[in-house]
Amino acid sequence: MTKSLKKYLLLIATVILSVTLAACGTGASTEQIVNKSVESSKNIKSTDFVATNSSEILVGEQTQTVENTVSGSLIIDPLAIKATTDVKAQGQSQTLELYIKDGTAYAKSTGQDEWVKSSSSSITAQFENLKKIANSEQILEFYKKIAKDFKKTEENGNYVLTYTGSGDQFKDLMVAVANASSGNEVNASAFNNVDFKNVTIKLVVTKDYTPVTNEVNMELATKNTSTPTTMKIKQNIQYSNVNNVKEIKLPDEVKNAKEVAADTQKSE
3 MTKSLKKYLL LIATVILSVT LAACGTGAST EQIVNKSVES SKNIKSTDFV ATNSSEILVG
63 EQTQTVENTV SGSLIIDPLA IKATTDVKAQ GQSQTLELYI KDGTAYAKST GQDEWVKSSS
123 SSITAQFENL KKIANSEQIL EFYKKIAKDF KKTEENGNYV LTYTGSGDQF KDLMVAVANA
183 SSGNEVNASA FNNVDFKNVT IKLVVTKDYT PVTNEVNMEL ATKNTSTPTT MKIKQNIQYS
243 NVNNVKEIKL PDEVKNAKEV AADTQKSE
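Mind the numbering: the sequence shown is residues 3 to 270 in this note's numbering, read in order.
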């Protein structure tokens with residue numbers, strides 16, 4: 003596929019993962035969070051979403067910032083996606099438009115006059131694999147561990163669940179996600195040099211456990227390295243039309259996209 007599409011696959015995949023996992027934080031009490039997490043996540047069949055993400059990376063004395071917004075619609079099964087990604091980094095900006103439908107990915111990015119498409123399983127499988135991540139027992143076990151640490155309030159008729167923490171327990175989550183996404187066994191030692199300094203989570207859900215917003219702030223730092231690196235990540239996802247997105251239609255110009263040859267995809 004094009005370099006632009008490959009560049010943002012992980013970004014959009016992360017947002018979709020967050021959409022699917024948002025219900026893991028629902029419940030009338032913190033103890034009920036885990037009891038309802040499995041059924042709630044399974045019940046999210048479709049949604050519209052707007053996700054804003056920002057990261058600040060400090061390497062030595064140099065700082066890099068990246069801001070992006072992903073907006074669109076998602077149908078879980080059969081998988082269909084409509085997403086527009088706007089990325090700003092180091093004074094430059096780029097936009098990627100993406101559709102996935104019927105096992106085919108369609109993309110158009112800044113500077114391109116025409117849409118391109120690919121039915122390569124290496125592209126679409128990355129999105130299909132998100133279903134395995136969302137239902138990973140290891141991930142659910144992580145939420146069981148921290149369930150008692152959520153605080154619950156109410157705001158505008160919705161439940162508001164907040165969590166603040168730090169430490170190696172987040173290594174468990176990273177290992178769980180890595181294992182589910184790769185299908186291979188990932189050892190926790192892979193994250194030994196990562197310090198999870200500060201993590202805050204804020205989940206807003208309706209009284210029937212439909213997600214409204216999901217906010218995550220995280221600060222990470224490397225350990226035992228010659229050049230210290232710190233990363234601050236902020237993500238906010240807003241949901242609407244949950245379980246009411248019935249179809250994602252391809253515009254005519256997308257239907258007429260040019261097929262990208264398999265060997266071209268591999269070389270890029």
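No residue lacks a Cβ here, since even glycine has one placed at the ideal position from N, Cα and C.
To which residues of the same chain is residue i closer than 7 Å at the C-beta, ignoring the five residues directly before and after it?
| i | result |
| --- | --- |
| residue 151 | 165 and 167 |
| residue 61 | 229 and 231 |
| residue 103 | 82, 250 and 252 |
Near residue i, which residues of its chain fall below 6 Å by C-beta distance, leaving aside the five closest residues on each side in sequence?
| i | result |
| --- | --- |
| residue 266 | For residue 266, the predicted structure reports a pLDDT of 44, less than 50, and the residue's modelled location is therefore unreliable. The matter cannot be settled from this model. |
| residue 108 | 101, 117, 119, 256 and 259 |
| residue 208 | 160 |
| residue 242 | 50 |
| residue 2 | What is shown of the chain runs 3 to 270, which leaves residue 2 out entirely. |
| residue 163 | 27, 152, 154 and 205 |
With a Cβ-Cβ cutoff of 9 Å, do residue i and residue j count as a contact?
| i | j | result |
| --- | --- | --- |
| residue 46 | residue 230 | no |
| residue 121 | residue 77 | no |
| residue 205 | residue 217 | yes |
| residue 147 | residue 170 | no |
| residue 234 | residue 219 | yes |
| residue 194 | residue 227 | no |
| residue 75 | residue 247 | yes |
Under a three-way DSSP split, which group does residue i fall into?
| i | result |
| --- | --- |
| residue 156 | strand |
| residue 254 | helix |
| residue 45 | helix |
| residue 114 | coil |
| residue 207 | strand |
| residue 64 | strand |
| residue 248 | coil |
| residue 242 | strand |
| residue 78 | coil |
| residue 149 | helix |
| residue 122 | coil |
| residue 95 | strand |
| residue 174 | helix |
Just to confirm my understanding: we take residue i, look at its own chain, exclude 5 residues before and 5 after, and list those with CB closer than 8 Å. What are they?
| i | result |
| --- | --- |
| residue 67 | 56, 57, 58, 59, 91 and 92 |
| residue 201 | 165, 166, 167, 168, 172, 218, 219, 220 and 221 |
| residue 157 | 206 |
Classify residue i: buried if its beta carbon has 16 or more other beta carbons within 10 angstroms, exposed otherwise.
| i | result |
| --- | --- |
| residue 84 | buried |
| residue 192 | exposed |
| residue 99 | buried |
| residue 111 | buried |
| residue 87 | buried |
| residue 225 | exposed |
| residue 149 | buried |
For the ligand FAD, I want to know if residue i counts as a neighbour, meaning its beta carbon is within less than 8 Å of at least one of the ligand's heavy atoms.
| i | result |
| --- | --- |
| residue 87 | With respect to the ligand FAD, the structure offers nothing, as it holds no ligand at all. |
Segment contact flag, the segment 66 to 79 with the segment 46 to 54, C-beta cutoff 8 Å, min 3 pairs: yes
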